[in-house]
Amino acid sequence: MVPSEAPATGLPSADRALAEGLLAGQRRALAKAITLIESTRPDHQARAQELLNALLPHTGKAIRVGISGVPGAGKSTFIEALGTWLIDHGHRVAVLAVDPSSTVSGGSILGDKTRMETLCQREAAFIRPSPSAGSLGGVAEKTREAMLLCEAAGFDVIIVETVGVGQSEITVAGMVDCFCLLQLPNAGDDLQAIKKGIVEIADVVVINKADIDPRATAVTCAQWKNALHWLRPPSPLWHPPVMAASALNKQGIAEFWQTVKRHRDALAPGGELDAKRRHQARAWMEELLDSGLRRFFRYHPAVREQLSVLTEAVEAGRTTPAAAARELLECLRR
Ligand code: GDP
Numbered sequence: 002m003v004p005s006e007a008p009a010t011g012l013p014s015a016d017r018a019l020a021e022g023l024l025a026g027q028r029r030a031l032a033k034a035i036t037l038i039e040s041t042r043p044d045h046q047a048r049a050q051e052l053l054n055a056l057l058p059h060t061g062k063a064i065r066v067g068i069s070g071v072p073g074a075g076k077s078t079f080i081e082a083l084g085t086w087l088i089d090h091g092h093r094v095a096v097l098a099v100d101p102s103s104t105v106s107g108g109s110i111l112g113d114k115t116r117m118e119t120l121c122q123r124e125a126a127f128i129r130p131s132p133s134a135g136s137l138g139g140v141a142e143k144t145r146e147a148m149l150l151c152e153a154a155g156f157d158v159i160i161v162e163t164v165g166v167g168q169s170e171i172t173v174a175g176m177v178d179c180f181c182l183l184q185l186p187n188a189g190d191d192l193q194a195i196k197k198g199i200v201e202i203a204d205v206v207v208i209n210k211a212d213i214d215p216r217a218t219a220v221t222c223a224q225w226k227n228a229l230h231w232l233r234p235p236s237p238l239w240h241p242p243v244m245a246a247s248a249l250n251k252q253g254i255a256e257f258w259q260t261v262k263r264h265r266d267a268l269a270p271g272g273e274l275d276a277k278r279r280h281q282a283r284a285w286m287e288e289l290l291d292s293g294l295r296r297f298f299r300y301h302p303a304v305r306e307q308l309s310v311l312t313e314a315v316e317a318g319r320t321t322p323a324a325a326a327r328e329l330l331e332c333l334r335r
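When we follow the numbering used here, the leftmost residue of the sequence shown carries the number 2, and every step to the right adds one.
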């Protein structure tokens, strides 16, 4: 359903038209608004924040799902199959990505146009590559804001894709309702994921490419179930299930969605889902404060003067890191 109420007034007329187009579900307006939030120009950033504030009452209604997995696990094939299935069942689906490596490679996990070809062509789909905003924090911040814009534009399912290579998974788990690990049927993978501390944040584990070797898939499923059995579940109300799928053959897609819905149903009655979102919003604000303070600190003229001198002194062993840090913080107070 596309929201129809007018956005809060007070926006300049160009941005009011943008907000209206976005609320009417126009993908062009949505794409333009995301470009605005991704811009690093201070005037664009100010406009983007006004726009987001005006649209905030229209956000929060989507089901937010994170999909993570190593390159080649089948994420885009899975998202294409899931997205198409959801659209066939009356949903509007937005796909976003968090890939900090895109700034290094110049591309991004959703940048390649040949990916998700079928989904791209659907009117009820919106696909946006990872922003190339620099650090993981920067990429994540833009993706969170893009997610809110997609919700205001009436997309009722938001899928956030990320590569399973570390911190970006934890970041994405911190912005979605249901976080899914896409794994390959290889013995040994489970231990790696446990070591990285990723398993604890998984709400659902999917062993993809089950068509290639059903026996290996069954073994991997059993290993995962066993591994999850010994860990504290992400919520006392939900024990993460392990399921097999073949994204290529579109098998396990409907079951996956049923699982996402079951997860919601399990967390909703006691208000745990709301609490999760409140916690995520607070953590997001704190993260922005931390990064803002860090920027403020580094660009402060008194600090800049001393920073390189003291860094050199620490490296040369002339002063301790603690003493140098204290002195730099003192620069701010003076
Ligand atoms: P991503 O890097 O995680 O996004 O992985 P892709 O979706 O690009 O898939 C990598 C390769 O695995 C592609 O050649 C896909 O066709 C293939 N693939 C994805 N899912 C399946 C599956 O369920 N079964 C099989 N046999 N191949 C798959």
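All residues carry an ideal CB built from backbone N, CA and C; glycine is no exception.
Residue i - DSSP class collapsed to helix/strand/coil
i: Trp231; result: coil
i: Ala269; result: coil
i: Ala15; result: helix
i: Ala153; result: helix
i: Leu249; result: coil
i: Gln224; result: helix
i: Gly107; result: With a pLDDT of 47 at Gly107, under the threshold of 50, the modelled position of this residue cannot be trusted, and the question is left open.
i: Leu238; result: coil
i: Ser169; result: helix
i: Ala323; result: helix
i: Met176; result: coil
i: Leu185; result: coil
i: Val261; result: helix
i: Ala284; result: helix
i: Thr163; result: strand
i: Gly70; result: strand
i: Met244; result: strand
i: Lys114; result: Its pLDDT being 48, under 50, Lys114 is placed unreliably by the model, and nothing is read from it.
i: Ile254; result: helix
i: Ile35; result: helix
Residue i Cβ short of 7 Å to the ligand GDP heavy atom set
i: Leu249; result: yes
i: Ser77; result: yes
i: Lys210; result: yes
i: Ile213; result: yes
i: Gly67; result: no
i: Gln84; result: The displayed chain sequence assigns Gly, not Gln, to residue 84. No, the Cβ of Gly84 stays beyond 7 Å of every heavy atom of the ligand GDP.
i: Gly73; result: yes
i: Gly70; result: yes
Under 8 Å between C-beta atoms of residue i and residue j
i: Val158; j: His92; result: yes
i: Ala125; j: Ile68; result: no
i: Val66; j: Val206; result: no
i: Ala284; j: Gly155; result: no
i: Phe204; j: Pro241; result: A small correction: the amino acid at residue 204 is Asp; Phe does not occupy that position in the sequence shown. Cβ atoms of Asp204 and Pro241: closer than 8 Å.
i: Arg123; j: Thr85; result: yes
i: Pro235; j: Glu201; result: yes
i: Leu52; j: Leu19; result: yes
i: Glu31; j: Leu23; result: It is Leu, not Glu, that sits at residue 31 in the sequence shown. Yes, they are a contact pair.
i: Ala325; j: Ala314; result: yes
i: Gly70; j: Gly165; result: yes
i: Ile160; j: Val261; result: no
i: Pro186; j: Thr221; result: yes
i: His264; j: Trp239; result: yes
Inter-residue CB distance, residue i and residue j (contact presumed, cutoff 8 Å)
i: Leu120; j: Ile254; result: That pair is no contact at about 13 Å.
i: Val310; j: Cys332; result: In fact, because the Cβ distance is near 11 Å, the residues do not count as touching under 8 Å.
i: Thr41; j: Ala153; result: Not really, about 22 Å apart at Cβ, beyond 8 Å.
i: Phe127; j: Cys151; result: 6 Å
Q) Counting Cβ pairs, one atom from each stretch, are 3 or more of them under 8 Å apart for the stretch 206-213 and the stretch 244-252? A) Put simply, the stretch 206-213 touches the stretch 244-252. At least three CB pairs are less than 8 Å apart.
Open item on the list: Under 8 Å: do the stretch 132-141 and the stretch 70-80 share three or more Cβ pairs, one atom per stretch?
Closed with: No: fewer than three Cβ pairs fall under 8 Å.
Using 8 Å as the threshold, is the stretch 86-101 in touch with the stretch 168-188, meaning 3 or more CB pairs across them?
-> Between the stretch 86-101 and the stretch 168-188 there are three or more inter-stretch CB-CB distances shorter than 8 Å, so the stretches are counted as touching.
* Asked: Three or more C-beta pairs closer than 8 Å, one from the stretch 126-133 and one from the stretch 21-39: is that the case here?
  -> With the cut-off at 8 Å, the stretch 126-133 and the stretch 21-39 touch.
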